[in-house]
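First residue of the sequence shown? That's 1 in UniProt numbering, and the numbers climb one at a time after it.
Positions of the beta carbon are idealized from the N, C-alpha and C atoms, including for glycine.
Structure first, then comments.
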Amino acid sequence: PRVRKDLGFIPLVTPTSQIVGTQAVLNVLTGERYKTIAKETAGILKGEYGHTPVPVNAALQARVLDGGAPVTCRPADLLKPELA
C-alpha cells in the first residue's frame, strides 16, 4: 500500500500493477525504501504514464526528476512522427 500511495494511487491494472509490485519487492530486497528505483517506477513519477488520481510523493518525484520537469501533456504527444 505504501508504494501505491507514493505513486499517486495509480490503478492496479497491467502494466502498472507489475510496476508497483516490482518496486515493493525492490524496497524489501534492498532493505531501504527507494534505494533502487526501477525505470518504470521513475516513468510513473515523471508522468510518462499519464496523470495519477492523486499527486505522487513530491520528495520522491523531485529525486527522480533531478531538476527536470514532469510530463504535463499527453505523453504520446512527445513522440516524433515515424511516418511522413
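Worksheet item: What are the start and end residues of each continuous alpha helix (DSSP H) run of 4 or more residues lying completely inside the UniProt domain "Carboxylase conserved" (1 to 82), in chain order?
Response: Along the length of the UniProt domain "Carboxylase conserved" (1 to 82), whole alpha helix (DSSP H) runs at least 4 residues long occupy 2 to 6, 16 to 30, 39 to 46, 58 to 65, reported in chain order.
Item to complete: Round the Cβ separation of Gln23 and Leu45 to the nearest angstrom and send it over; I've been treating them as touching at under 8 Å.
Response: Contact doesn't hold; Cβ gap of about 10 Å is too wide.
Fill in: Pro55 versus Cys73: straight-line alpha-carbon distance, rounded
15 Å
Worksheet item: Going by Cα to Cα distance, which pick from Thr30, Val25, Ala42, Leu26 is closest to Gly8?
Response: Ala42
Item to complete: Would you tell me roughly how many angstroms separate the C-alpha atoms of Val3 and Asp77, rounded to the nearest one?
Response: The straight-line gap from Cα to Cα measures roughly 28 Å.
Item to complete: Compute the distance between the beta-carbons of Val64 and Glu48, then report whether it is under 8 Å.
Response: By the CB criterion at 8 Å, Val64 and Glu48 fall outside the cutoff.
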